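Visitor: Numbering (the numbering used here), first residue to last: 1085 to 1338.
Below you will find the structure I want to go over with you.
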């Protein structure tokens, strides 16, 4: 067994946070590599031999595994304890179904909305660009911000008319779905923390910004206006509570 897993990730990415959380939940020591965006696209294509152009990607036991759901599945096979998949077959199927739903229905609009608000506020865009840059590039604050704006517009079409409004609608729909699935329970499936809880909470982190999550600049004013009326909702509070209860500190290798 390869004793040195390596995670290629983006520090502010909610999909990357999903994997960092899974690794830390299981206490798996690993290394993290966060190259300068947008070079990660080329690196991802090279690592996966053209199968994927985005992060997270993990080298685990000699295999390159792309995609957050695939990585968690590989981690479960490698180290089943503590589990993220329920032991009961029906509950496991339900947890995987919810993971896939939040991956597909929450992840993309949450990302688009976050970037839409970031690129429309210069100081926040510069702060995010500097944070995601590797040290040699951080002094080029303006150039990093301009490059980030160009890349995210091309990659996610964040400035296309109507896209941000649609993203807001979809994020609210995902919050509605989360609350409907939870009811008055603490977990989405069964009585323990599962991959369903992890996926939903991690993918909502750009909205809730829990202190246990990625350290990011203060939200842009547009995002703050969007999130303010949501703060008393059951689903919003559940995300914050889930981070507080289950987000372990990093298990990086020395």
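Beta carbons are placed, not taken as given, at the ideal position from N, Cα and C, and that holds for glycine.
Everything numeric in this text was worked out from a predicted model, so none of it was measured.
Quick check on residue 1338: does DSSP put it in helix, strand or coil?
Guide: Its pLDDT being 47, under 50, residue 1338 is placed unreliably in this model, and the value from its coordinates should be taken loosely. DSSP places residue 1338 in coil when its eight states are reduced to three.
Visitor: In chain order, what are the residue ranges of uninterrupted beta strand (DSSP E) at least 3 long that sit wholly in the stretch 1098-1177?
Guide: If we require 3 residues or more, the beta strand (DSSP E) runs fully inside the stretch 1098-1177 come out as 1115-1117, 1141-1144, 1147-1150.
Visitor: DSSP state of residue 1255, grouped into three classes?
Guide: In the structure shown, residue 1255 sits in a helix (DSSP, three-state: H, G or I).
Visitor: By Cβ distance below 6 angstroms, which residues in the same chain neighbour residue 1213 in space, the five residues on each side in sequence not counted?
Guide: Closer than 6 angstroms at the Cβ level, and outside the excluded window around residue 1213, lie 1228, 1229, 1232.
Visitor: Taking the alpha carbon of residue 1272 as the point to measure from, which residue in 1095, 1169, 1199, 1194 has its own alpha carbon closest?
Guide: Here the closest residue by C-alpha is 1169.
Visitor: Rounded to a whole number of angstroms, what is the C-alpha to C-alpha distance between residue 1301 and residue 1208?
Guide: Straight-line Cα distance between these residues: approximately 7 angstroms.
Visitor: For residue 1306, which residues in the same chain have their Cβ closer than 8 angstroms to its Cβ, ignoring the five residues on either side in sequence?
Guide: Contacts found: 1200, 1201, 1204, 1205.
Visitor: May I ask you to list the residues that DSSP assigns as paired with residue 1185?
Guide: According to DSSP, which records beta bridges pairwise, residue 1185 is partnered with nothing at all.
Visitor: Can you grab the Cα-Cα spacing for the pair residue 1109 / residue 1295, in whole Å?
Guide: Their backbone Cα atoms lie some 17 angstroms apart in a straight line.
Visitor: Any contact of the stretch 1232-1251 with the stretch 1313-1326, i.e. 3+ C-beta pairs under 8 angstroms?
Guide: Touching, no.
Visitor: In this structure, how does DSSP classify residue 1249 when only helix, strand and coil are distinguished?
Guide: Reduced to three states, the DSSP call for residue 1249 is helix.
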